[in-house]
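Numbering (our numbering), first residue to last: 37 to 217.
For reference, the structure is listed below as structure tokens.
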Amino acid sequence: MYEVEVGDAFKVLINELKQYGETNDTDGAVKCLERFVNDPDDVVAAIPRSDVDEILLYVDENITVYRIATTPQILYPPHEHEMVAICAIYKGSETHVFYDPDGDNVVKRSQVRFKSPAVVDLEASAIHAICNEGEEPNESLHVYFGDLETQKRTLWDQDGKNPQQYIEEDYLSFSRPFDRL
Ligand SMILES: [Fe+2]
Numbered sequence: 037m038y039e040v041e042v043g044d045a046f047k048v049l050i051n052e053l054k055q056y057g058e059t060n061d062t063d064g065a066v067k068c069l070e071r072f073v074n075d076p077d078d079v080v081a082a083i084p085r086s087d088v089d090e091i092l093l094y095v096d097e098n099i100t101v102y103r104i105a106t107t108p109q110i111l112y113p114p115h116e117h118e119m120v121a122i123c124a125i126y127k128g129s130e131t132h133v134f135y136d137p138d139g140d141n142v143v144k145r146s147q148v149r150f151k152s153p154a155v156v157d158l159e160a161s162a163i164h165a166i167c168n169e170g171e172e173p174n175e176s177l178h179v180y181f182g183d184l185e186t187q188k189r190t191l192w193d194q195d196g197k198n199p200q201q202y203i204e205e206d207y208l209s210f211s212r213p214f215d216r217l
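What follows is the structure, encoded as structure tokens:
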């Protein structure tokens, strides 16, 4: 179901991604999104411009797609998705901090800054936090193999403690300036 008004170029992309979501074909979706980030103009022109950080563009039982424009210099808290997640970065950069489970808590494993054009795929068990280290908002499509809106999943605080069910208000209230990383 489209959640906003979109143009044909975006619908073509969604139709292809839906097939990969139905068959859980991560490689197919990554290749599709690599083509997108290397030549994004037509698809980007087909989705709404907005100052909002996050717009839900499309969701059904097999895929969820957001346009994400991450505010610079804010580190968001560690979380999981419980489904394959693929980030297609077409403007600026997106830094991912990866975590490992430690009992019920999580501990930081590594940190990588991905500069556009870049596609980052995360398996269903991945735990990460994101940040935009640049000076301008970045832009990306985040694609999930399932209905992320209804998925129960876990959020941790910035110390990787206090696991709790993900809700958007807590995700935002746990964010902090990146220079404290
Ligand atoms: Fe995420």
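Glycine included, C-beta positions come from ideal geometry on N, C-alpha and C.
From the DSSP output, in three-state form, read off F214 for me. Residue numbering aside, residue 214 sits at position 178 when the sequence shown is read from its first letter. Here F214 sits in helix by DSSP.
Reference R145; option with closest CA among I91, C123, L184 and I163: Locating residue 145 in the sequence shown gives position 109, counting from the first residue. For R145, the nearest C-alpha among the options comes from I163.
Taking its Cβ as the centre, do 16 or more other Cβ atoms sit within 10 Å of T106, making it buried, or is it exposed? Against the sequence shown, residue 106 aligns to sequence position 70. Classification of T106: buried, given that the 10 Å Cβ count is 16 or more.
In whole angstroms, what separates the C-alpha of E118 from that of G170? The residue labelled residue 118 in the question sits at position 82 within the sequence shown. The residue labelled residue 170 in the question sits at position 134 within the sequence shown. Taking the straight line joining both Cα atoms gives about 28 Å.
Neighbourhood of L49 by C-beta distance below 8 Å, restricted to the same chain and skipping five residues each side: What you label residue 49 is simply residue 13 of the sequence shown in a count that begins at 1. Residues of the same chain with a CB within less than 8 Å of the CB of L49, apart from the 5 flanking positions on each side, are C68, F72 and V79 in chain order.
As assigned by DSSP and simplified to three states, the class of D206: By one-based count along the sequence shown, residue 206 stands at place 170. Note: D206 maps to helix in three-state DSSP.
Supposed contact pair V40 and I110 - C-beta distance, whole angstroms, cut 8 Å: For the purposes of this step, residue 110 is taken as residue 74 along the sequence shown, with counting starting at 1. For the purposes of this step, residue 40 is taken as residue 4 along the sequence shown, with counting starting at 1. The Cβ separation is near 24 Å, so there is no contact.
Let me know if N74 comes out buried or exposed under the rule of 16 or more other beta-carbons within 10 Å of its beta-carbon. On the sequence shown, residue 74 is found 38 positions in, with the first residue counted as 1. By the neighbour-count rule (16 or more Cβ atoms within 10 Å), N74 is not buried but exposed.
Measuring only from the beta carbon, is A160 closer than 7 Å to any heavy atom that is part of ligand 1? Working through the sequence shown from its first residue, we reach residue 160 at position 124. No - ligand 1 has no heavy atom lying nearer than 7 Å to the Cβ of A160.
Just to check, is the beta-carbon of I166 closer than 7 Å to a non-hydrogen atom of ligand 1? For the purposes of this step, residue 166 is taken as the residue at position 130 of the sequence shown. Yes.
Nearest CA to the CA of D183: which residue from V95, R189 and V156? As a first step, residue 183 is located in the sequence shown; it is residue number 147 there, counting from the start. Nearest option by C-alpha distance: V95.
Using C-beta distances below 8 Å, list every residue in its chain close to K197, excluding the 5 sequence neighbours before and after it, in chain order. Numbered from 1 along the sequence shown, position 161 holds the residue referred to as residue 197. Only N141 meet the Cβ criterion.
Any idea if G139 is buried or exposed, counting beta-carbon neighbours within 10 angstroms, 16 or more meaning buried? Working through the sequence shown from its first residue, we reach residue 139 at position 103. G139 is exposed by the Cβ-count criterion.
In chain order, which continuous runs of the beta strand (DSSP E) of length 3 or greater are located wholly inside the region 166 to 198? 175 to 180
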